[in-house]
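**Q** Each step along the sequence shown adds one to the number in full-length UniProt numbering, with nothing skipped, and position 163 is 163.
Backbone N, C-alpha and C fix where the C-beta goes; we use that ideal spot for every residue, glycine too.
Given the structure is predicted, the values throughout are model-derived calculations rather than measurements.
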Amino acid sequence: MGKLAMKDGLLHRLSKKQSGEEVAQLVLPEVFRSTVLKSMHDDFGHLGLERTLDLIRARVYWPKMAVDIEQYIKNCGECITRKTPGQRASPLHQIVSSGPMDLVCIDFLSVEPDSKGVANVLVITDHFTRYAQAFPARNQKAHTVAKILVEKFFVHYGLPARIHSDQGRDFESRLIREMLKMMGIRKSRTTPYHPQGDPQPERFNRTLLSMLGTLSQEKRKQWSQHIPYLVHAYNSTKCDATGFSPYFLMFGREARLPVDLCFGTSPDGSNVG
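Encoded structure:
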C-alpha cells in the first residue's frame, strides 16, 4: 500500500520510483475516479492501457486502480470501433542521435480532407526524445515546408544540427537545401536501398492516425483544430523505448495537465513535502 501522509487536509500515498525517488499520489475518492478516467483517456486521444496507467499513476492512487483502468479501456466504445490495428515497425537503419535537437525527422502524412480542404500534415519528430509536432498543411510544396519549419518549429525549439527526410521532391528542393545551408543545418535522407527510412516517424504517424480515428464524426470534420491536443497527449505520456515521456526528455520536466490544476496534483508526484 505504501505510506500515507496528510497534506493541506488531503490524504496522499507515498511510494518510490525505481530510481529510489519518493513520489506522492493523491488518494482519490471514488466519486472523482470517472472524472480522472475521462480526462486522462477520453480527452487524451484514447491512448492504450500502459500509457493511460502511467499518466494516472503518476498523479493519483486508489485501490485496484490498474484493474479499473484496464476495464474502462476495454469497454471504451471509441477504442473498440475506431482504433487501427498495430503494425510491426521496419528495422532501424543506422540512424543515431546523441541528444535533443541533434537530429529531427520530417515527413508528410496524408489524411482525409477536413471541412476546409486541408489534407496534409507535416510531422516533425525529434529523434532522440521522440518529441513530435504535427502541422496541418494545404499542400506539400517546398515553400510550405520551409514556412512551417521556420515560423512554427525553429522559433520555438531552435535549430537542429541535422534534418532527415525521405526522398520526396519537395524535401530535396533547392529552396530547402539553400535554407538549411544558410542556417548551418545538415541534411540527410533515406536511400533507395532503405526507402522505408527511420521507423520513428512511421510509428508516430500510426499513433496519430489511431488517435484521429477516435474523434467523433463531427470532430473529424475539423481534425486540424484537434490535432495539437492529440499530439500534446502523445508527448505527455511515457515512451516504452526510452522510459520517459517525450515532453520530459525535451524540457526536463513533465507537462502540467488540466487534471493537475483540478486536483492540485503534480505530474512528477512532488506535491508533498
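Skipping 5 residues on each side, what residues in its chain have a beta carbon closer than 7 Å to that of Leu215?
**A** Answer for Leu215: Trp223 and His226, listed in chain order.
**Q** Between which two residues does the beta strand (DSSP E) harbouring Arg59 extend?
**A** Here Arg59 belongs to no beta strand (DSSP E), and DSSP marks it neither H nor E.
**Q** Taking 8 Å as the cut-off, decide whether the C-beta atoms of Val31 and Gln133 are in contact.
**A** No. Outside cutoff.
**Q** Which partner residues does Asn139 have in the DSSP bridge list?
**A** None, per the DSSP bridge assignment.
**Q** Once the 5 residues before and after Val27 are set aside, which same chain residues still bring their CB inside 6 Å of it?
**A** So the qualifying residues of the chain are Leu11, Arg13 and Tyr61.
**Q** Contact between the region 120–130 and the region 92–111: three or more CB pairs below 8 Å?
**A** Because the criterion of three Cβ pairs below 8 Å is met, the region 120–130 and the region 92–111 touch.
**Q** If we ignore side chains and look at the alpha-carbon of each, how far apart do Pro33 and Glu254 end up?
**A** It is worth fixing the name first, because residue 33 is Arg in this sequence and not Pro. One C-alpha to the other measures close to 22 Å.
**Q** In three-state DSSP terms, what is Lys116?
**A** Correct three-state label for Lys116: coil.
**Q** Considering only C-alpha positions, which residue in the set Ala119, Ser98 and Leu257 is nearest to Pro160?
**A** Among Ala119, Ser98 and Leu257, the Cα nearest to that of Pro160 belongs to Ser98.
**Q** Note the first and the last residue of the continuous beta strand (DSSP E) segment covering Arg189.
**A** Taken as a continuous stretch (DSSP letters only), the beta strand (DSSP E) holding Arg189 covers Arg186 to Arg189.
**Q** Between the alpha carbons of Asp268 and Arg59, how many angstroms are there, rounded?
**A** About 7 Å.
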